[in-house]
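Residue numbers (our numbering), protein chains in the order written: chain A, 583 to 779; chain B, 487 to 720.
By construction, the Cβ of each residue, glycine as well, lies at the ideal position given by its N, Cα and C atoms.
None of the values given here were measured: they were computed from a predicted structure.
The structure appears below as structure tokens.
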């Protein structure tokens, strides 16, 4: 049965009624984004895998009580957000800067002889993202990985609309400044939020 | 579009190009297996739930059926609801019957029900057995104990034997006599009712007296008690 054109909400409801194919479609559709959402916020890959699996486990267990009152993405990322906050951020202040260097090391960033330019750029971006405060990083990842509006992102992270817009604006500015150090762009000044309405 | 927006676009494009990570396949497999297992356990649970519901419903239906069935089987107090009286007279036992009765009373292995049946049959035999000659009865009574014991053991004395009567014209007796060789309380009550309807109060009273001896605790329809009280007052 082809579920590719079905909405996330209808797929989830179909799975709740017993259609495993619907869940497979839903999983294939969102697995990458949800995986990167968790991976970018934790410093350890094994921990990221555990949290990712736990996130889907909670989604599966809660399928019976799911109601399409909100967008499925909002509901699922809310679960993921709570999981990351409970298991990871309890060991790290939310507003502190990042700087964990497990994911990328300085030596890799300065090895253009061995890496393609694209890979270098990606690595540089990940390095800059790792230095962001957790609350800004989360909002930035959600704005990039999902099609959630600012209002929906505010629901996921349990913050106000204005707070989310401010976090996203500062996250973009910080990334631009960080990338400028690698010679990608000159340092920017803080302007509008540049966020989706 | 200003520089700021173009910077943001560049940032977005850079992120889109770098976002290549995917979960490992074994992790995918574990998650999908968990989803299947959850679905199967939900299916099993829902089946159990339906089974519980159906079982409860079946028990309720059965209980209601039993309740009404028991109520239907109980003797009713309304005279009009009584079934039509039937020919209750059963063939009287054969010539040696009285001897069998004598022997059976001596044997302690008979059950109380059999004793009651014998007693009722004996009492019924007194007015009904006109066909027996007095000498036949006395001969059977005076037979030696050992012979009778060898012929008639407790196991042979079934209710059918007690009520068997090859020598008596049962149909004739049923027409003329109130014959209540049956020890079924319902049958006796039916016979009493029939006699009362026919106006034969004395005969009905006789059977009723025997009924009270045999089944002192059995509930009697109120109209029977009323009929006898009325006849007493006359």
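- Counting of Cβ neighbours within 10 angstroms places residue 558 (chain B) among the exposed residues, the total staying below 16.
- Look at the stretch 700-723 of chain A: the residues with a C-beta under 7 Å from a C-beta of chain B are 700, 703, 704, 707, 708.
- With its beta carbon at least 9 Å from every one in chain B, residue 655 (chain A) lies outside the interface.
- In terms of CA proximity to residue 513 (chain B), A:628 leads the group A:628, A:594, A:602, A:607.
- Residue contact check for residue 614 (chain A) against chain B: a CB pair falls below 9 Å.
- The stretch 506-525 of chain B makes contact with the stretch 633-643 of chain A, as at least three CB pairs between them are under 8 Å.
- If you check each beta-carbon in the stretch 504-530 of chain B against every beta-carbon of chain A, the ones closer than 8 Å belong to 504, 505, 506, 507, 508, 509, 510, 513, 514, 516, 517, 518, 520, 521, 522, 524, 525, 528, 529.
- In terms of Cα proximity to residue 668 (chain A), the closest of A:637, A:646, A:730, A:726 is A:637.
- For residue 726 (chain A), the enclosing alpha helix (DSSP H) stretches over residues 716-727.
- For residue 630 (chain A), the uninterrupted alpha helix (DSSP H) run begins and ends at 627-643, by DSSP.
- Counting every other CB atom within 10 Å of its CB across the protein chains shown gives residue 509 (chain B) a total of 16 or more, marking it as buried.
- Looking at the backbone, the Cα of residue 683 (chain B) and that of residue 555 (chain B) are separated by about 29 Å.
- When DSSP assignments are scanned along the stretch 677-710 of chain B, no uninterrupted stretch of beta strand (DSSP E) that is 3 or more residues long falls wholly within it.
- Annotation for residue 664 (chain A): the continuous alpha helix (DSSP H) segment containing it runs 654-669.
- Pairing residue 625 (chain A) with residue 712 (chain A) gives a Cβ-Cβ distance under 9 Å.
- It is roughly 23 Å from the alpha-carbon of residue 727 (chain A) to the alpha-carbon of residue 699 (chain A).
- Residue 599 (chain A) carries a coil assignment under DSSP once its states are collapsed to helix, strand and coil.
- Cβ-Cβ distances below 8 Å link residue 687 (chain B) to 681, 713, 714, 717 in the same chain, with the five nearest sequence neighbours on each side left out; the list follows chain order.
- About 5 Å separates the beta carbons of residue 746 (chain A) and residue 736 (chain A), which is inside the 8 Å limit, making them a contact pair.
- Within its own chain, the residues whose Cβ lies closer than 8 Å to the Cβ of residue 729 (chain A), once the five positions on either side in sequence are excluded, are 655, listed in chain order.
- In the structure shown, the three-state DSSP call for residue 742 (chain A) is coil.
- Taking 9 Å as the threshold, the shortest C-beta distance from residue 626 (chain A) to chain B does not fall below it.
- Residue B:525 holds the alpha-carbon nearest to the alpha-carbon of residue 594 (chain A) among B:500, B:499, B:505, B:525.
- Around residue 643 (chain A), the beta-carbon contacts reaching into chain B at under 8 Å are 524.
- Taking a beta-carbon distance threshold of 9 Å, residue 493 (chain B) counts as an interface residue toward chain A.
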